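Undergrad:
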Amino acid sequence: MHRHFLIHKPLGYLSQFVNNQNKRKNKKLLGELFIFPKGTMSIGRLDENSEGLLLLTTDGKVSEQVRSKKVEKEYYVQLDGNITDKAIEKICNGIEIGIRNKKYLTLPCKANHLKKSPTFAPRIKKIRDERHGPTSWITITITEGKFRQVRKMTAAVGFPTLRLIRVRIGDIYLDQLAPGKVIEVGSFNLD
69 MHRHFLIHKP LGYLSQFVNN QNKRKNKKLL GELFIFPKGT MSIGRLDENS EGLLLLTTDG
129 KVSEQVRSKK VEKEYYVQLD GNITDKAIEK ICNGIEIGIR NKKYLTLPCK ANHLKKSPTF
189 APRIKKIRDE RHGPTSWITI TITEGKFRQV RKMTAAVGFP TLRLIRVRIG DIYLDQLAPG
249 KVIEVGSFNL D
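Heads up, the sequence shown is in my numbering, so the first residue is 69 and it goes up one at a time.
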């Protein structure tokens with residue numbers, strides 16, 4: 069019987085369970101947050117500096133289904149500066165980024181200003197303060213998941229990412245799940 073989990077990956081954790089690389093000796097791993105069954109894998113990844121919803125499973129078929137280009141992944145992104153409508157339009161239409169030293173044109177996606185700054189638990193590691201200029205929040209919804217894609221997309225239009233939080237995968241929402249909290253579920257309802 070396969071098992072499935074939702075987790076709010078906190079800042080500073082790697083989306084993996086085993087540390088077999090010397091350069092990652094002092095890194096925090098998901099297995100420190102919960103006792104997961106053998107064979108548990110993260111579905112997709114969030115880098116060490118990203119936060120938010122991460123799905124975990126012992127079922128490889130479910131992992132493939134979630135990673136397909138049919139399932140939307142939504143992110144709230146805090147940016148350096150006040151992003152313009154023109155920059156958001158460029159993101160929506162697809163933008164050229166670098167992936168493994170090659171040019172890559174992202175698929176069209178959804179992106180919008182967030183009218184109000186979202187309320188998340190404060191970060192342990194402060195981003196910066198207002199003395200360094202304004203920040204803005206947008207939402208980006210993509211169906212692909214290249215290495216650091218959202219960060220590269222915002223940087224490509226001149227607004228680097230300061231904070232990145234995945235809030236939705238398909239119809240599964242982060243909601244009020246606290247950082248580091250793990251919930252076991254019977255299945256993932258992705259429709």
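By construction, the Cβ of each residue, glycine as well, lies at the ideal position given by its N, Cα and C atoms.
The structure displayed is predicted, hence computed values, not measured ones.
Kindly indicate which residue of 74, 167 and 106 has the alpha-carbon position closest to the one of residue 216.
TA: Ranking the options by Cα distance to residue 216, first place goes to 167.
Undergrad: Out of curiosity, what's the CA-to-CA distance linking residue 179 and residue 192?
TA: Near 27 Å, if we compare the C-alpha coordinates of residue 192 and residue 179.
Undergrad: With a cut-off of 8 Å on the beta carbons, I'd call residue 220 and residue 151 a contact; round off their distance for me.
TA: Incorrect: roughly 15 Å between the Cβ atoms, too far for contact.
Undergrad: Determine the closest residue to residue 118 out of 235, 204, 149 and 244, with distance taken between C-alpha atoms.
TA: Of the candidates 235, 204, 149 and 244, the one whose C-alpha sits nearest the C-alpha of residue 118 is 235.
Undergrad: Under the assumption that residue 218 contacts residue 229 (Cβ atoms under 8 Å), give the Cβ distance between them as a whole number of angstroms.
TA: Between residue 229 and residue 218 the Cβ distance is about 7 Å, and since that is below 8 Å, they are a contact.
Undergrad: If you drop the 5 nearest sequence neighbours on each side, which residues of the same chain put their C-beta closer than 8 Å to that of residue 202?
TA: Excluding sequence neighbours, residue 202 sits near 149 and 150.
Undergrad: Rounded to whole angstroms, what is the Cα-Cα separation between residue 243 and residue 107?
TA: Going from the Cα of residue 243 to the Cα of residue 107 covers about 27 Å.
Undergrad: Counting only the same chain and skipping the five closest in sequence on each side, list residues whose C-beta sits under 7 Å from that of residue 248.
TA: Answer for residue 248: 76, 78 and 101, listed in chain order.
Undergrad: For residue 204, which of 256, 156, 146 and 226 has the nearest alpha-carbon?
TA: Closest option to residue 204, Cα to Cα, is 146.
Undergrad: With 16 other CB atoms within 10 Å as the buried threshold, where does residue 134 fall?
TA: So residue 134 counts as buried.
Undergrad: For a quick check, are the C-beta atoms of residue 95 and residue 114 less than 7 Å apart?
TA: Going by C-beta atoms, residue 95 is not nearer than 7 Å to residue 114.
Undergrad: Thinking C-alpha only, which one of 126, 251, 222 and 256 is nearest residue 158?
TA: Residue 222 is the option with its Cα nearest to residue 158.
Undergrad: So what's residue 234 in DSSP terms, helix, strand or just coil?
TA: Looking at residue 234 - three-state DSSP - the assignment turns out to be strand.
Undergrad: Would you mind reading off the limits of the alpha helix (DSSP H) that contains residue 221?
TA: Taken as a continuous stretch (DSSP letters only), the alpha helix (DSSP H) holding residue 221 covers 217–224.
Undergrad: Could you check what DSSP says for residue 185 in three-state terms: helix, strand or coil?
TA: If DSSP states are grouped into helix, strand and coil, residue 185 belongs with coil.
Undergrad: My understanding is that residue 143 touches residue 240, with C-beta atoms under 8 Å, so please give their C-beta distance in whole angstroms.
TA: Not confirmed; about 14 Å, so no contact.
Undergrad: Which stretch, first to last residue, makes up the alpha helix (DSSP H) that contains residue 153?
TA: Counting along the chain, the alpha helix (DSSP H) containing residue 153 begins and ends at 153–161.
Undergrad: How about residue 111 and residue 136: do their beta carbons lie closer than 7 Å?
TA: Contact flag unset, no.
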